[in-house]
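Working notes, beginning with the structure itself.
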Amino acid sequence: MAVVNKSRAVKYRSYIKVFVFLFALLPLLQLFLGVLQNSLGPDPAKALAHLSGEWALRFLIITMAITPLRIITRSSEWVHYRRMMGLFVFFYAVLHLLIYCVFLLGLQWQDLWADILERPYITVGFGAWVLLLPLAVTSTKRWQRKLGRQWSRLHKLIYMASALILLHIIWQARSDLEEPLVYVLIFSVLMLLRLPIVKRIFNDRAKKSAAHQH
Ligand code: HEM
977 MAVVNKSRAV KYRSYIKVFV FLFALLPLLQ LFLGVLQNSL GPDPAKALAH LSGEWALRFL
1037 IITMAITPLR IITRSSEWVH YRRMMGLFVF FYAVLHLLIY CVFLLGLQWQ DLWADILERP
1097 YITVGFGAWV LLLPLAVTST KRWQRKLGRQ WSRLHKLIYM ASALILLHII WQARSDLEEP
1157 LVYVLIFSVL MLLRLPIVKR IFNDRAKKSA AHQH
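Be aware that the sequence shown starts at 977, since it is given in my numbering, and climbs by one per residue.
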């Protein structure tokens, strides 16, 4: 099992953070290059909406994978990257909404409200986006201190946001449900790995292997 070497991870943390940050900006570069090179296919606006949504979802999966990784590796090192990953979810979700408003709706705000009220997949997508907003705003250490125990309670909203996002992609998929179902499966596994029994299994295994070494 890959137990992270603590002191080494701490030493290199700031370098790793810069690397992860730059890596997380690559999808943005991909979108820019796609526009500049005109390589986004016959419907670039749709492709941009699709790609930005996919990346917001991928970063959400990475964010939600931090706790299971902490349990499996028995290292809290992963937690230092959660805030950045969560903010990238929000960053790509904001980009996704902007692309939708600018390129798909042509900045017709009344159409946005009509879509939110009339198209269920937009309703739930917007609901998820609204839930992500307070999480991004209160992601700083200062807010964490200020809110105390309420902070963890507030950040449980991520589960509701995830459920709404899954509904958002299932609802728009109509008949082609293969990809959304893969995402449902990934989220289900990430939720199962949070169960106390999983923590117990990995703790017991670590104890056994430590006893073996002595
Ligand atoms: C602010 C509200 C939102 C609006 C108005 C919105 C709108 C849209 C639209 C119009 C599409 C279709 C693009 C296409 O034709 O391929 C789409 C796709 C998608 N959206 Fe959103 N969205 C919203 C929020 C979100 C959020 C918060 C996420 C994830 C964090 C998300 C993830 C996705 C994904 C993954 C797709 C691609 C689905 C697929 O084609 O398989 N959306 N969204």
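Glycine included, every Cβ here is placed at the ideal spot set by N, Cα and C.
Starting from the C-beta of Leu1153, find all residues in its chain whose C-beta is less than 8 angstroms away, skip the five residues before and the five after it, and write them out in chain order.
Here residue 1153 is taken as the residue at index 177 of the sequence shown, counted from 1. The answer, listed in chain order, is Ile1146.
Going by other Cβ atoms of all chains shown within 10 Å of its Cβ, with 16 needed for buried, is Gly1082 buried or exposed?
Here residue 1082 is taken as the residue at index 106 of the sequence shown, counted from 1. So Gly1082 counts as exposed.
Quick one: what's got a C-beta closer than 7 angstroms to Ile1047's C-beta in the same chain, skipping five residues either side?
The count along the sequence shown starts at 1 and reaches residue 1047 at position 71. Around Ile1047: Leu1169, Val1174, Lys1175, Phe1178.
To the nearest angstrom, report how far apart Gln1006 and Ile1038 are at their CA atoms.
The residue you call residue 1006 lines up with position 30 of the sequence shown. The residue you call residue 1038 lines up with position 62 of the sequence shown. Taking the straight line joining both Cα atoms gives about 19 angstroms.
Leaving out the 5 sequence neighbours to the left and right, which residues in its chain are closer than 6 angstroms to His1072 when beta-carbon positions are compared?
Sequence index remark: in the sequence shown, residue 1072 carries index 96 (1-based). Once the five neighbours on either side are set aside, the close Cβ partners of His1072 are Ser1028, Gly1029, Ala1032.
Can you look up Asp1091 in the DSSP assignment and give me helix, strand or coil?
If you number the sequence shown from 1, residue 1091 lands on position 115. If DSSP states are grouped into helix, strand and coil, Asp1091 belongs with the helices.
Excluding sequence positions up to five away, which residues of its chain have a Cβ less than 7 angstroms from the Cβ of Leu1016?
As a first step, residue 1016 must be located in the sequence shown, where it is residue number 40. Result list for Leu1016: Gly1010, Ala1023, Leu1024, in chain order.
What would DSSP say about Pro1018, mapped onto helix, strand or coil?
As a first step, residue 1018 must be located in the sequence shown, where it is residue number 42. Coil at Pro1018, not helix or strand.
Within a Cβ cutoff of 7 angstroms, which residues of the same chain sit near Ala978, ignoring the five residues on either side of it in sequence?
Residue mapping note: residue 978 aligns to position 2 of the sequence shown, counting from 1. With a pLDDT of 49 at Ala978, under the threshold of 50, the modelled position of this residue cannot be trusted; read the value that follows with caution. Same-chain partners within the cutoff: Thr1049.
So, is Pro1044 buried or exposed, given that buried needs 16 or more other C-beta atoms within 10 angstroms?
In the sequence shown, counting from the first residue as 1, residue 1044 sits at position 68. It is buried - the Cβ of Pro1044 has at least 16 other Cβ atoms within 10 Å.
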